[in-house]
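Chains F and C, in that order, give the protein sequences.
Per the numbering used here, the first sequence starts with residue 1, numbered consecutively.
Per the numbering used here, the second sequence starts with residue 470, numbered consecutively.
Let me begin by presenting the structure, written as structure tokens, before commenting on it.
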Amino acid sequence: MLKDIIRKEIVETITSPKFVFTFLLCAVLILLSVYTGITNYSSERKEFNAAVALNKKNLESQPSYQALAGLGTKINRPPQVLSAIASGVDEAVGRVATVNVAYDPNLVDSKYESNPVFSVFGALDLTFIVKIVLSLFAILFTYDAIVGEKERGTLKLTLSNKVPRDRLILGKVIGGYISLLIPLIIPLILSLLILMVYPDIHLTGGDWGRLLLMFLVFFLYLSVFFTLGLFVSARTNKSSTSFLILLFIWVVFVTVIPKVSVMAAAQIKPIPSVHEITSKKDAFLQQVQGGAQKKVMDWVKENSPKPGEDQKAFQDKFKKFLEDYQQDLTSQIDANNAALERDYQAKKRAQQNLAINLSRISPASALTFSTMSLARTGLDENQRFLDSIRAYKPIFTKWANAKMMSNIDFTGGGATAKVVLDDMPLHSFENESLSKSLARTIPDVVLMAVLIIVFFVGAYVSFLKYDVR
Amino acid sequence: MLETQNLTKIYEDGRLAVDHLTMKVEPGEIFCMFGANGAGKTTTINLFLNFIPPTEGTALIEGIDVVREPLRSKEYVSFVSENVMLYGNFTAIQNLDYFTKLAGKRGLTKADYAAVLQSVGLQKDAYDARSKTYSKGMRQKLGLAIAIIKDAPNVILDEPTSGLDPKSGQEFLKLLTAMRDKGKSVLISTHDIFRAKLIADRVGFMKNGKLGLLMTRKELEGKDLTELYVQYMDERD
Ligand SMILES: Nc1ncnc2c1ncn2[C@@H]1O[C@H](COP(=O)(O)OP(=O)(O)O)[C@@H](O)[C@H]1O
Ligand SMILES: [Mg+2]
Numbered sequence: 001m002l003k004d005i006i007r008k009e010i011v012e013t014i015t016s017p018k019f020v021f022t023f024l025l026c027a028v029l030i031l032l033s034v035y036t037g038i039t040n041y042s043s044e045r046k047e048f049n050a051a052v053a054l055n056k057k058n059l060e061s062q063p064s065y066q067a068l069a070g071l072g073t074k075i076n077r078p079p080q081v082l083s084a085i086a087s088g089v090d091e092a093v094g095r096v097a098t099v100n101v102a103y104d105p106n107l108v109d110s111k112y113e114s115n116p117v118f119s120v121f122g123a124l125d126l127t128f129i130v131k132i133v134l135s136l137f138a139i140l141f142t143y144d145a146i147v148g149e150k151e152r153g154t155l156k157l158t159l160s161n162k163v164p165r166d167r168l169i170l171g172k173v174i175g176g177y178i179s180l181l182i183p184l185i186i187p188l189i190l191s192l193l194i195l196m197v198y199p200d201i202h203l204t205g206g207d208w209g210r211l212l213l214m215f216l217v218f219f220l221y222l223s224v225f226f227t228l229g230l231f232v233s234a235r236t237n238k239s240s241t242s243f244l245i246l247l248f249i250w251v252v253f254v255t256v257i258p259k260v261s262v263m264a265a266a267q268i269k270p271i272p273s274v275h276e277i278t279s280k281k282d283a284f285l286q287q288v289q290g291g292a293q294k295k296v297m298d299w300v301k302e303n304s305p306k307p308g309e310d311q312k313a314f315q316d317k318f319k320k321f322l323e324d325y326q327q328d329l330t331s332q333i334d335a336n337n338a339a340l341e342r343d344y345q346a347k348k349r350a351q352q353n354l355a356i357n358l359s360r361i362s363p364a365s366a367l368t369f370s371t372m373s374l375a376r377t378g379l380d381e382n383q384r385f386l387d388s389i390r391a392y393k394p395i396f397t398k399w400a401n402a403k404m405m406s407n408i409d410f411t412g413g414g415a416t417a418k419v420v421l422d423d424m425p426l427h428s429f430e431n432e433s434l435s436k437s438l439a440r441t442i443p444d445v446v447l448m449a450v451l452i453i454v455f456f457v458g459a460y461v462s463f464l465k466y467d468v469r
Numbered sequence: 470m471l472e473t474q475n476l477t478k479i480y481e482d483g484r485l486a487v488d489h490l491t492m493k494v495e496p497g498e499i500f501c502m503f504g505a506n507g508a509g510k511t512t513t514i515n516l517f518l519n520f521i522p523p524t525e526g527t528a529l530i531e532g533i534d535v536v537r538e539p540l541r542s543k544e545y546v547s548f549v550s551e552n553v554m555l556y557g558n559f560t561a562i563q564n565l566d567y568f569t570k571l572a573g574k575r576g577l578t579k580a581d582y583a584a585v586l587q588s589v590g591l592q593k594d595a596y597d598a599r600s601k602t603y604s605k606g607m608r609q610k611l612g613l614a615i616a617i618i619k620d621a622p623n624v625i626l627d628e629p630t631s632g633l634d635p636k637s638g639q640e641f642l643k644l645l646t647a648m649r650d651k652g653k654s655v656l657i658s659t660h661d662i663f664r665a666k667l668i669a670d671r672v673g674f675m676k677n678g679k680l681g682l683l684m685t686r687k688e689l690e691g692k693d694l695t696e697l698y699v700q701y702m703d704e705r706d
């Protein structure tokens, strides 16, 4: 009997106009997004390769190590192949950092910076399609699953037979889920095929693993809305009411919670503005300088030579004192600045983590975070890349300085040594391991699983007590 | 056999819809339950099918208490509801096939379904049309076909003839008498006195959840049922 119920559920759905419409739209959107994702990636890959080559040529053409050290080397962020599926923060964060002896390196020149119109619409990646469009379909497939049968009187007719209610709801869940999966799986398989045959795309075994995990997360996410739809459908007496309630919850999940979390985190854990930091730095500088004048005067008062003492010795001593003191002040200021910066970064991270954790109640955020982690296009991965560049800076600086020293031209105006890059240390970056990415997605996956269980049990229990009249 | 003992339903809002009802529909008998809108007919039927719990008393199908053994009791009853829409994307055959399987009957062929559909008078070109294109009368016929094919010893029908044209109504009644002649207990709730009178073996008038003025076919002979109905309804309790 369960089989009959499941089969009826599937046949009834896939012969409906609703299904045909959904199927076509799903196919078009999924294939389109995967295709644009792939072409995007492949053009970024080309850009990346060109930029790397250009950088090398640039360095080689420098007239001296001095010039090279000042100009620095450019580190380009390699595009992630899975950004074709989940672009994450890829388009919003910088793609290139300059490492030279002078400044702290930072990633700049994001896609949004170079073309702000992208930021208006955001990326149309598969994650976006799943998050917005497919979740709506899940609702569309379930909002009247139970209340609709009541309205048509078929629930009464069904239950006038020897049909246990638990069997009926189980059959509806299984059958309904299969009919929801059909319009998803076919385009998804097609898009996997595109990924396989597209010439510029080379997925490693690990990438395939990540990809499958991402698909798993997609299904989890859609299951949340599927079970939610059933739940609401089993708690309402009119399908229009059910639909409105579901739409409301959808809006809250998909847009309200993520936005409010960011705002709430900013309120709860405010971070100082850049101006505040600058003025704090300035204040410390002034304080130190003010103190310095006094200290120098004191020193002079104390140590100034009595009449008849050696003026020359005093001058040397004073010079030595000034030098040491200057050094001391510089390191004090540096230490203070570094502390302020550390504090700022820590606060920023705390706020960011709070925002992420708050918004995680929403399955839409959970979906975003987990797929970003799996695609290696998340905030953490970007931070790790930036850290690797910052770690590279002293290595590069040391090498550049050594080269400058050993090639100092004492003859004054002769030919300078030609730049040779053979022994230049290269920046290297290890992609995050799958187990680490996976560990980061656990809270999101657990959250979605909990929601699914709660909604499913809710639907189940509600249906056992549902008023079928 | 369909039977109630002291069956009472008071809704959550305090309305007494069925009031200590005791009645019986014997095998081979058509019992017509008359009554105005709101008299408690549908409530009685919902109690038989265990769609709502009784406040007091019991309803029995083939002697089985429908509250104690709801699933088993439903093996022995066919139900035709007042206005069933069925599965609109399904054809008559598909609807029939699904509900036949739910009723636990297997191995029926398309020809069997077509035969039943023909017997209820559904036009042939509708067999394979989606049922959402049906008129109310056509749906009613399909509903009856579902009940017939289940072939349970008890049949409960809620306002079955409302929405049927005169000819269809006539045919409908014939099918009900055929069921009776096969020894089934048939309970019909209706306010269609004209038609019911033609086939009823016994009638009862329901008012405020009470069944009164029970009469057999013999007792009815030569009496004007409409007159009785109006009189009974006008009587003060
Ligand atoms: N769910 C309900 N809650 C409260 N009162 C109800 C409910 N369903 C029916 N009633 C009331 O019970 C009475 C009997 O209704 P019903 O059995 O549907 O009458 P009939 O089928 O004879 O027209 C009516 O007064 C109706 O208003
Ligand atoms: Mg009624």
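Note that beta-carbon positions come from the ideal geometry of N, C-alpha and C, so glycine has one too.
Should C:K510 be counted as a contact of ligand 2 given a C-beta to heavy atom distance under 6 Å?
When distances are taken from the beta-carbon of C:K510 to the heavy atoms of ligand 2, the shortest one is below 6 Å.
Between the C-alpha atoms of F:S437 and F:T142, what's the straight-line distance to the nearest angstrom?
Each residue's Cα considered, the two are about 33 Å apart.
Per-residue DSSP class, three states only, for F:H275:
For F:H275, the secondary structure class from DSSP, reduced to helix, strand or coil, is helix.
Rounded separation between C:S550 and F:M1 - CA only
The alpha-carbon separation between C:S550 and F:M1 amounts to approximately 22 Å.
I'd like to know if F:K156 contacts chain C, where contact means its C-beta is closer than 7 Å to some C-beta of that chain.
It does: the Cβ of F:K156 has a partner Cβ on chain C nearer than 7 Å.
Considering only the beta carbon of each residue, do F:S370 and F:T441 sit closer than 7 Å?
Against a cut-off of 7 Å, the Cβ pair of F:T441 and F:S370 comes out as a contact.
Using a Cβ-Cβ cut-off of less than 9 Å, give me the residues of the segment 361-375 of chain F that come near chain C, in sequence order.
The segment 361-375 of chain F vs chain C, Cβ under 9 Å: nothing.
Who are C:K493's beta bridge partners in DSSP?
Here C:K493 is bridged, per DSSP, to C:E472.
F:D90, buried or exposed, once every other Cβ within 10 Å from all chains shown has been counted against 16
Label assigned to F:D90: buried.
Counting contacts by CB-CB distance shorter than 7 Å, is C:G600 in contact with chain F?
It should be noted that the sequence gives Ser, not Gly, for residue 600 of chain C. No, no contact with chain F.
From this set, C:D693, C:I657, C:E472, which residue's C-alpha is nearest C:E531's C-alpha?
When each option's Cα is compared against that of C:E531, the closest is C:E472.
Local Cβ density within 10 Å of F:V197, reported as buried at 16 or more and exposed below that
For F:V197, the number of other beta carbons within 10 angstroms of its own is below 16, and it is reported as exposed.
Under the three-state reduction of DSSP, which class applies to C:F520: helix, strand or coil?
Reduced to three states, the DSSP call for C:F520 is coil.
Any beta-carbon of chain C closer than 7 Å to the one on F:F463?
The C-beta of F:F463 comes no closer than 7 Å to any C-beta of chain C.
Any chance the CB of C:Y701 is under 6 Å from a heavy atom of ligand 1?
For C:Y701, the CB stays at least 6 Å from every heavy atom of ligand 1.
Anyone know if the C-beta pair for F:M214 and F:L374 falls short of 7 Å?
Yes, the Cβ-Cβ distance between F:M214 and F:L374 is below 7 Å.
So with CB distances below 8 Å, who are the chain F contacts of C:K570?
Correct list: M1, D4.
Mind checking the segment 503-526 of chain C against chain F and listing, in chain order, the residues whose C-beta falls within less than 9 Å of any C-beta there?
Listed by position, the residues of the segment 503-526 of chain C near chain F (Cβ gap below 9 Å) are T511, N515, L518, N519, F520, I521.
Residues of chain F with CB closer than 7 Å to the CB of C:Y556, please, in chain order.
Those are E12, T154, listed as they occur along chain F.
I'd like to know whether the C-beta of F:S83 is nearer than 7 Å to at least one C-beta of chain C.
Using a Cβ-Cβ cut-off of 7 Å, F:S83 does not count as an interface residue toward chain C, since no Cβ of chain C sits closer than that to its own.
Would you please verify whether the beta carbon of C:S637 is less than 7 Å from any beta carbon of chain F?
Cβ-Cβ to chain F under 7 Å: no for C:S637.
Where the beta strand (DSSP E) containing F:T255 begins and where it ends
For F:T255, there is no enclosing beta strand (DSSP E), as DSSP marks it with neither H nor E.
Does any CB atom of chain C fall closer than 7 Å to the CB of F:K8?
With 7 Å as the cut-off, F:K8 counts as an interface residue toward chain C.
Cross-chain neighbours of C:E481 in chain F, by beta carbon under 9 Å:
None at all; the shortest Cβ gap to chain F is about 11 Å.
With a cut-off of 7 Å, does the C-beta of F:N161 fall near any C-beta of chain C?
Judged by the 7 Å Cβ criterion, F:N161 is in contact with chain C.
How close, in whole Å, do the beta carbons of F:I271 and F:K150 come, if the pair is a contact with beta carbons under 8 Å?
No, F:I271 and F:K150 are not in contact; Cβ-Cβ is about 53 Å, not under 8 Å.
Do F:L29 and F:I186 have their beta-carbon atoms positioned less than 7 Å apart in this structure?
The Cβ atoms of F:I186 and F:L29 do not sit closer than 7 Å to each other.
With 16 other Cβ atoms within 10 Å as the buried cut-off, status of C:T685:
With fewer than 16 Cβ atoms within 10 Å of its Cβ, C:T685 is classed as exposed.
Measure the C-alpha to C-alpha separation of F:P394 and F:L107 and round it to an integer number of angstroms.
Distance between the alpha carbons of F:P394 and F:L107: 17 Å.
Any C-beta of chain F sitting closer than 7 Å to the C-beta of C:Y567?
Interface residue, yes.
Taking the alpha-carbon of C:S547 as reference, which of F:A69, F:V457, F:Y112, F:N161 has the nearest alpha-carbon?
Answer by Cα proximity: F:N161.
Going by DSSP, name the residue or residues bridged to C:G673.
Answer is C:M502, bridged to C:G673.
Should F:V420 be labelled buried (16 or more other beta-carbon atoms within 10 Å of its own) or exposed?
Exposed, by the Cβ-count rule.
Under 7 Å, Cβ to Cβ, is there at least one residue of chain F near C:F548?
It does: the Cβ of C:F548 has a partner Cβ on chain F nearer than 7 Å.
Taking the alpha carbon of C:G678 as the reference point, which residue from C:I562, C:D488, C:D650, C:V494 has its own alpha carbon closest?
C:D488 is the residue among C:I562, C:D488, C:D650, C:V494 whose C-alpha sits nearest the C-alpha of C:G678.
Ordered along the chain, which non-local residues of its own chain (more than five positions away) have a Cβ less than 6 Å from that of F:L220?
Excluding residues within five positions, the ones whose Cβ falls inside 6 Å are M448.
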